[in-house]
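Trainee: Going by our numbering, the letters in the sequence shown line up with residues 254 to 431, in that order. Don't be surprised by glycine CBs; every beta carbon is placed ideally from N, CA and C.
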Amino acid sequence: MTGANVDGSASGVEAEPTEGLLLDVMLGKLSTYLRMCGYDATYALDRGVEGDDDLLALAVTEGRTLVTRDESLAARAAAGLRIESTDVHEQLRELRAAGYDLSLSDRPRYCGACNAPLERVSWAESTPEYAPDPGAERVWRCRDCGQHFWRGATGGTSPRRSKPSERHYFEVGHRRLR
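#1: Could you check the C-alpha separation between A330 and L309 for me, to the nearest Å?
#2: Can you give the Cα-Cα distance for G306 and V320, rounded to whole angstroms?
#3: As a quick exercise: from A389, N368 and V374, pick the residue whose alpha carbon is nearest that of H401.
#4: On a Cα-Cα basis, can you pick out the residue from L357, I336 and E272 that is closest to A350?
#5: Quick one: Cα of A366 to Cα of L345, how far?
#6: Which of the three DSSP states is assigned to V320 in this structure?
#7: With DSSP collapsed to three states, give me the class of R373.
#8: On a Cα-Cα basis, can you pick out the residue from T285, L274 and L280 that is closest to L357?
#9: Give the secondary structure of G281 by DSSP, where H, G and I count as helix, E and B as strand, and everything else as coil.
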């Protein structure tokens with residue numbers, strides 16, 4: 254169930270995208286990236302959970318690996334992974350080194366905004382004006398918040414983002430992913 258030991262060193266076990274993760278309040282941006290890689294990545298603040306004991310209880314109840322920057326919290330977790338960096342790209346490198354597969358999914362499974370399951374939009378369905386025609390390219394819709402996702406035109410970049418470091422594999426609706 255783990256991809257790394259609590260200290261962040263590689264355990265030799267590659268984490269599966271089906272593994273549930275719980276990211277603490279310091280890792281909200283990272284949760285979006287993990288969702289686009291196919292991980293069920295719950296962000297603590299999306300669930301209204303902030304306290305350490307509440308985080309630990311939720312991780313156990315839902316069978317999730319707790320991902321945190323807090324060393325003592327990671328040590329207390331039944332399954333915990335400590336991330337050291339404050340930079341999301343360095344955080345992704347740490348996860349990759351710990352055995353997590355960060356390949357971008359051809360078929361996204363979770364909404365980058367709210368983590369709810371995505372469903373493929375049928376070619377016959379209409380989409381909002383900002384989304385492409387599902388007859389021309391694959392489009393997914395969040396079952397909860399209704400956002401639409403599709404593969405970026407240049408193999409993973411969104412022209413609405415000014416910095417390459419903020420680019421995502423899938424474009425999303427009319428608002429920027431956080």
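Mentor: According to the structure data:
#1: 6 Å
#2: With the sequence shown as reference, residue 306 is identified as Asp, and Gly is not the correct amino acid for it. Using only the alpha carbons, I get a separation of about 14 Å.
#3: V374
#4: I336
#5: 18 Å
#6: strand
#7: strand
#8: T285
#9: helix
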